[in-house]
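Right, one structure below, let's go through it.
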DNA sequence: CGTTATTTCTTCGAGCATTGAACTTAATTT
DNA sequence: AAATTAAGTTCAATGCTCGAAGAAATAACG
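Protein chains in written order, with the numbering used here: chain A, 4 to 409; chain B, 4 to 409.
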């Protein structure tokens, strides 16, 4: 995570309180104090300031049930007054770049997506300059279409499929035919704002980790099964992107040195066994399936393959079984190296999780000593298209400190 | 990294200054200020306090060349006065447990090993209680034999080959036949001190990262080639041991699902291709070599194998080539997942690095896209028996905050 | 040889974040 | 109505850090 504009550090306590409200939703001051582990006096000071500045407000609910008090009722004593962020305080604009699609979204001060717009275009036909231009146009359109009343734009975020080096340049993306596009600086110069670029899987991992139920899990991995196979890694409570941002390429971890060719140009990557394109490629060789853009089978086509498996088709089941084995092999190595306490399997590919899981577990059981296996929980996680946007919004909001009166 | 005794946090600034002196050696206050990135005023305050307490002292060198001033001479202006830690201020006692050997060392306040003592015994014959007893005896012996004048014992450290879970219990070690030995609590109770247990490879990684030249490298891996294959991982500037301490088991990363059996009971681990025992096992099948304790070929025997390769023996060279391929495969996965900026290959096995390297590099080049490969430097690192002790000493010193007048 | 320049180091006071304690507010229970 | 309970506020005390001013110790310069 980095920025272009100079890092004007806001008050860390204030940022933590803002973040707590984004993660946990509206909270009473006492509860905020315990979340951020500061005294009520401190929280009172900070929230007072922010309420006066108009960034927060007290919310009056009638008959609010209070889940933090035992019994759930309101109990005795002075009632809590929950405070919430004012969504319009400020905003961020984020862009998701994927194959043949640029999606732009307005993120409000609470971290929610306020509006989105999608533009289809042939991304692989773009030059570096055209790409920058297209993205800038979408950012401008988003700004134009923004409903009135929003405060300043805090920054711009960019979530990209592919390899983002130094959070700066798009080293490689399946959506592009150009490489090493310096995307951040032109946008930062053009808009005079902080610009953040990140891998889409990292964004998703951040969005998921930001859910209340995962707050205490400091080391986790989020696997993204789809056309390709990506991964976002949370290490020590933060998104890990290596020194160079070029990490967590789980999909290009090896299964067999002499395996099939992968999109990356090498052989035997996990992705070339588990990715949608690999499954469909093999399926088409053995089953009577419609021809397709070999690189990117559609959702319907993949669903058809799943349906075959559901009907007990041995070939389809065999394909998924093989993919599960490869997946298990990759997870074995991931666990041996990192031993995250939780691995979530997500992405559109979870549709076939039930067919992958048995052979994946078998593979893990065969290859990994119990001591290691017992430390890591693996489970599927509902896939939600919107996670990428929430993640990149969180990244920008978390990166740019909020300044009073800025 | 954890402790048993409650974490009484000392002043973080004081700890950083102590650490800076341990890492960089004696320094003038100005230079300390720039190392810890605090103002000279703050450093002056802290060092003044510590000098008065007797934990530091000014050191008067005659004709000191000053490498931090341009020209190297003493230059104009008031000369710097370097301060150093007083080694006797306090001490730690550390124990290294390896196969058939318990080594105990006294670590002084500067982080150096002041004295060591080694005891040979059949570690695999010990019960859990006997192991605790043996270690406690060595700690007591070390304390008895300690030259007079040392301040209080700050803590006890334990570096172990094998899997340390939760920095608490020895889940598994090749040195032991028992499993899941809770080693920390009995020792902590017995001596009333903080006790730290850590994997030996992690200790070595810490010791290496603590060298001045690696201070700026936040993500690195230290590979330990020896009888087994271990790894220590530095992530975000700190030793990474997963939530459970059971991470960085690079040696048990997979190469071939149906490969030879490994010590861990599974098949096809990198270690079962690269570990000394694996090399010697295969060598003995093809060459006329003396029989041996198959699990642990001696240094001489391994040296003999290297000599064969040096003389151009095709079988020996072939073995190392295969090991290099396996190593390259493992590194491919490591780099794809973590992309550390530096990988050091160390351990007694570096003796054969020149025979491993070509096939290792070839394997990496075949399997990894350039973008990833270019981000990681791989090089051998001189192996030094003493690194483990320095590492565990640093771990204890870094974990226990130094209290004035404690 | 004295003066000036230069650099290190110390001291002191200002500024800031944080907190405990006392207090106020607003509800329920008796 | 009084007592109790809990939330939130205010304020003074603490502690950390730093800038500024000054003291100390040296080299360079005339």
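Idealized CB from N, CA, C, for every residue including glycine.
Using C-beta distances below 6 Å, list every residue in its chain close to residue i, excluding the 5 sequence neighbours before and after it, in chain order.
i                      : result
residue 171 of chain A : 187
residue 281 of chain A : 275
residue 112 of chain B : 88, 90, 92, 93
residue 182 of chain A : 175
residue 17 of chain A  : 49
residue 403 of chain B : 157, 158, 197
residue 355 of chain A : 309, 323
Since residue i is in the beta strand (DSSP E), which residue starts that stretch and which ends it?
i                      : result
residue 309 of chain A : Taken as a continuous stretch (DSSP letters only), residue 309 of chain A belongs to no beta strand (DSSP E), being part of the alpha helix (DSSP H) at 302-313.
residue 106 of chain B : 104-111
residue 85 of chain B  : 85-88
residue 226 of chain B : 223-228
Determine the burial state of residue i: buried for a count of at least 16 other Cβ atoms within 10 Å of its Cβ, exposed for fewer.
i                      : result
residue 176 of chain A : buried
residue 276 of chain A : buried
residue 135 of chain A : buried
residue 239 of chain A : exposed
residue 121 of chain A : exposed
residue 388 of chain A : exposed
residue 168 of chain B : buried
residue 197 of chain A : buried
residue 150 of chain B : exposed
residue 390 of chain A : buried
residue 8 of chain A   : Its pLDDT being 41, under 50, residue 8 of chain A is placed unreliably by the model, and the measurement read from it follows with that caveat. Exposed: under 16 other Cβ atoms inside 10 Å.
residue 264 of chain B : exposed
residue 61 of chain A  : exposed
residue 205 of chain A : buried
residue 394 of chain A : buried
residue 409 of chain B : The pLDDT assigned to residue 409 of chain B is 46, lower than 50, so where the model puts this residue is not dependable, and the model offers no usable value.
residue 132 of chain B : exposed
residue 352 of chain B : buried
residue 407 of chain B : exposed
residue 43 of chain A  : exposed
residue 123 of chain A : exposed
residue 336 of chain A : buried
residue 222 of chain A : buried
residue 141 of chain B : buried
In chain order, what residues of the same chain have a beta carbon less than 8 Å from the beta carbon of residue i, not counting five sequence neighbours either side?
i                      : result
residue 220 of chain B : 212, 237, 344, 345
residue 302 of chain A : 351
residue 118 of chain A : 108, 109, 145, 148, 149, 150
By DSSP's criteria, residue i is part of a beta bridge. Which residues make up the other side?
i                      : result
residue 121 of chain A : A:106
residue 272 of chain B : B:257
residue 159 of chain B : B:96, B:198
residue 167 of chain A : A:173
residue 383 of chain A : A:348
residue 63 of chain A  : Paired residue(s): none; residue 63 of chain A is not in a bridge.
residue 31 of chain B  : B:85
residue 185 of chain B : B:172
residue 329 of chain B : DSSP lists no partner for residue 329 of chain B.
residue 242 of chain A : A:237
residue 116 of chain B : B:110
residue 101 of chain B : B:104
residue 217 of chain B : According to DSSP, residue 217 of chain B bridges with nothing at all.
I believe residue i touches residue j by the beta-carbon criterion, under 8 Å. Please report the beta-carbon distance rounded to the nearest angstrom.
i                      : j                      : result
residue 349 of chain B : residue 379 of chain B : Actually they do not touch by this definition, with Cβ atoms about 16 Å apart.
residue 229 of chain A : residue 251 of chain A : Not a contact, Cβ separation roughly 15 Å.
residue 97 of chain B  : residue 399 of chain B : 7 Å
residue 279 of chain A : residue 300 of chain A : 5 Å
residue 361 of chain A : residue 327 of chain A : 7 Å
residue 269 of chain A : residue 371 of chain B : 7 Å
Need the endpoints of the alpha helix (DSSP H) that residue i sits in, please.
i                      : result
residue 145 of chain A : 131-148
residue 373 of chain B : 373-376
residue 361 of chain B : 356-370
residue 52 of chain B  : 43-56
residue 237 of chain B : Where residue 237 of chain B is concerned, there is no enclosing alpha helix (DSSP H), although the beta strand (DSSP E) it sits in stretches over 232-238.
residue 208 of chain B : 203-212
residue 391 of chain A : 390-402
residue 279 of chain A : 279-289
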